[in-house]
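The structure appears right after this line, and notes come after that.
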Amino acid sequence: MSKRHEIPATHESMVWGYLDSATPPVLEIASGDTVTLHSFPAGGKETLPEDRSLVPANYLTALDTMIQGPGPHFITGPVYVKGAQPGDTLQVDILNVKVSQDWGFVSILPLLGTLPDEFTDYETIHPKVDHERQVCIMPWGTEIALDPFFGIIGTAPPPAWGRCGSPVPRSFGGNMDNKELRPGTTLYLPVFNEGALFFAGDGHGVQGDGEVCITALETGVTGSFRLTVRKDMDITWPFAENATHLMSIGLDEDLDDAAKQAVREMVKHVCARTNLSRNQAYMLCSLAGNLRVTQLVDGNKGIHMLLPKAYL
37 MSKRHEIPAT HESMVWGYLD SATPPVLEIA SGDTVTLHSF PAGGKETLPE DRSLVPANYL
97 TALDTMIQGP GPHFITGPVY VKGAQPGDTL QVDILNVKVS QDWGFVSILP LLGTLPDEFT
157 DYETIHPKVD HERQVCIMPW GTEIALDPFF GIIGTAPPPA WGRCGSPVPR SFGGNMDNKE
217 LRPGTTLYLP VFNEGALFFA GDGHGVQGDG EVCITALETG VTGSFRLTVR KDMDITWPFA
277 ENATHLMSIG LDEDLDDAAK QAVREMVKHV CARTNLSRNQ AYMLCSLAGN LRVTQLVDGN
337 KGIHMLLPKA YL
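Going by this note's numbering, the residue at position 263 of the sequence shown is 299; the numbering climbs one at a time, nothing skipped.
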């Protein structure tokens with residue numbers, strides 16, 4: 037029988053700002069087991085609210101004791117999944133995600149975001165979280181429904197790449213900042229290392245497609261994932277699906293090239309699941325596939341395509 041595991045919300049179970057295949061696993065599980073893990077918000081002490089009593093003690097400890105890498109994100113893991121080998125696929129069933137803090141932050145930061153030359157009056161705000169009504173409350177009174185997800189979900193990068201900074205999403209997944217990766221979605225990730233070495237972090241309470249100012253509602257989240265090794269899938273880029281849609285994911289510095297990748301990947305997966313030719317799958321994507329801007333701010337920009345399964 038599959039087992040359930042939980043990784044504690046402590047600095048010993050996290051890394052700060054990087055993904056590295058050399059990081060020792062914090063947990064070893066069997067394929068098909070479920071893991072519950074916790075994530076602190078990205079950032080540092082400069083993004084904390086003035087009232088430090090609102091900040092969880094374990095988060096303050098992490099800020100005081102951990103050594104930050106090239107990025108701002110706290111990432112939990114890695115999780116070693118028995119049986120996973122390079123060339124396999126890790127199936128990640130996202131079972132639940134919930135906000136675990138009473139606040140989050142939103143920032144405009146130097147040289148970041150979609151319009152860095154136009155927004156130079158740098159500012160950080162701390163919307164409150166109403167857990168009962170599942171909304172965040174902006175300082176000016178607007179309420180926005182929560183839709184939490186992990187901004188970072190990935191396997192460890194290939195060993196030859198060394199330590200990769202957390203901001204840039206790549207073929208291993210990572211900082212995709214894709215709000216569609218919510219509960220009920222299954223994400224497929226390429227495996228580059230023995231054990232897959234699964235990471236997740238960078239909690240988001242809610243985010244618009246684009247994440248244009250550089251942040252979502254950055255906050256603490258808790259979530260559960262079922263991790264299954266797939267020997268029967270051959271993928272080179274992340275791909276996802278839910279009950280109603282297939283989702284391809286394109287990542288590139290150039291938004292046009294990210295879009296091309298998302299279309300190319302969707303055509304490939306449609307062909308694998310149907311008897312359609314490449315031409316037919318390409319035409320189907322043109323009629324029924326919807327391209328959306330995932331994010332514009334993570335170095336490699338993101339485009340994802342959603343295609344209703346009903347048309348397969």
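Each residue gets a CB set at the ideal place from its N, CA and C atoms; glycine is no exception. Note that the structure is predicted; figures quoted are calculated from it, not measured.
The segment 214-234 makes no contact with the segment 74-92, as fewer than three CB pairs between them are under 8 angstroms. Secondary structure at L147: coil, using DSSP grouped into helix, strand and coil. Per DSSP, the continuous beta strand (DSSP E) segment holding L73 begins and ends at 70-75. Scanning its chain for C-beta atoms nearer than 7 angstroms, with the 5 sequence neighbours on each side dropped, one finds around L145 the residues Y158, I250, in chain order.
Assigned with DSSP and collapsed to three states, S49 falls in helix.
Nearest C-alpha to P274 among V242, H240, F228, T258: F228. Assignment of beta-bridge partners to C200 by DSSP yields L55. Here the alpha carbons of A317 and Q137 stand approximately 44 angstroms from one another. Buried is the label assigned to K337, since at least 16 other Cβ atoms lie within 10 Å of its Cβ. Inter-residue distance for I130 and P163 is about 26 angstroms (C-alpha atoms, whole angstroms). Counted as a single uninterrupted DSSP element, the alpha helix (DSSP H) harbouring Y318 occupies residues 314-324.
The residue from A66, K304, P122, V171 with its alpha-carbon nearest to that of F208 is P122. Residue environment: Y347 is assigned as exposed (fewer than 16 neighbouring CB atoms within 10 Å of its CB, all protein chains considered).
Counting of Cβ neighbours within 10 angstroms places W139 among the buried residues, the total reaching 16 or more. Per DSSP, the unbroken beta strand (DSSP E) holding E159 starts and ends at 159-161. Around D334, the same chain offers P203, V204, P205, N211, D213 as residues with beta carbons nearer than 7 angstroms, after the five sequence neighbours per side are excluded. Linking S89 to V299 through their CA atoms gives a straight-line distance of about 48 angstroms.
Under DSSP, the beta-bridge partners assigned to V142 are I161.
Each residue's CA atom was taken as its position, placing P108 and L55 some 12 angstroms apart. In the structure shown, N211 adopts extended strand secondary structure according to DSSP, grouped into three states.
Beta-bridge partners assigned by DSSP to D129: T222, R262. Take L320, set aside five residues on each side of it, and the residues of its chain with a beta-carbon closer than 8 angstroms to its own are V306, L312, L343, Y347, in chain order.
Check the Cα spacing between D166 and each of T160, V135, G68: the tightest is with V135.
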